[in-house]
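Below is one structure, written out as structure tokens; comments come after it.
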Amino acid sequence: MPKCTIDGRAVEFAAGENLIEVARKVGVEIPYFCYHPGLTVVAQCRMCAVEIEKFPKLQTACSTPATEGMIVHTRSEKAKANQKSIMEFLLLNHPLDCPVCDKSGECDLQDNSYRYGESFTRSTEERRTYIDLDMGPVIKKNMNRCIHCTRCIRYGDEVAGIREMVAVQRGNSTEIT
């Protein structure tokens, strides 16, 4: 089997495995939001960006297949700076009310903000707020907590066969409708 190195640990992998899955084999957790093994890879949150030797820029671990001899650094200064920036951007409009949130204690955003984020923001603008859309009795759609990972859209398209939701606009103006 081919081998690569992740944070100094040699690991064997199967052809086509992405770096998130390969890293898990040696106990290295790469943070992510948009990746899900059962859905198509979109590599849009950029939280999983890692430094790979001989590559000029950070690469998203969810969309990068491991290759023979690849040397990956998940906690390099570049990767850590990227993770801090991503967390700051995601928290720009996210309400900071974790203690009263239903997901508190089991929230990837909360966990990653403690691990990779800062306790302050440089933004002085007001947070955007959204009107919650009624999606019926099964789906709860609280758009004030949405980080635009598009998992809900891809799940609807790819698993449930329902093309009801789409992402419109870009960047800080993105909305799921």
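Under my numbering, the first residue of the sequence shown carries the number 6, and numbering increases by one thereafter.
Just so it is clear, CB atoms sit at the ideal spot from N, CA and C, and this is done for glycine as well.
A quick note: this is a predicted structure, and the numbers were derived from the prediction, not measured.
{"Item": "Closest to residue 51 by C-alpha separation, out of 89, 17 and 129, would be which residue?", "Value": "89"}
{"Item": "Among 174, 62 and 112, whose alpha-carbon lies nearest the alpha-carbon of residue 86?", "Value": "62"}
{"Item": "Taking 8 Å as the cut-off, decide whether the C-beta atoms of residue 148 and residue 157 are in contact.", "Value": "no"}
{"Item": "Just reading off the alpha helix (DSSP H) that residue 82 is part of, what are its end residues?", "Value": "82-95"}
{"Item": "Please confirm whether any heavy atom of the ligand MG lies closer than 7 Å to the CB of residue 137.", "Value": "Only the bare structure without any ligand can be found here, which leaves the ligand MG out of the picture."}
{"Item": "With DSSP run on the structure shown, which of helix, strand or coil describes residue 55?", "Value": "strand"}
{"Item": "Among 12, 136, 167 and 17, which has the Cα closest to the Cα of residue 72?", "Value": "17"}
{"Item": "What are the partner residues of residue 8, as DSSP defines its beta bridges?", "Value": "17"}
{"Item": "Could you tell me which whole alpha helix (DSSP H) segments of length 4 or greater appear in the region 135-162?", "Value": "156-160"}
{"Item": "Tell me where the alpha helix (DSSP H) around residue 27 begins and ends.", "Value": "24-30"}
{"Item": "With H, G and I counted as helix, E and B as strand and the rest as coil, what does DSSP make of residue 172?", "Value": "strand"}
{"Item": "Take residue 161 as the anchor and find which of 177, 108, 140 and 179 has the nearest alpha-carbon.", "Value": "140"}
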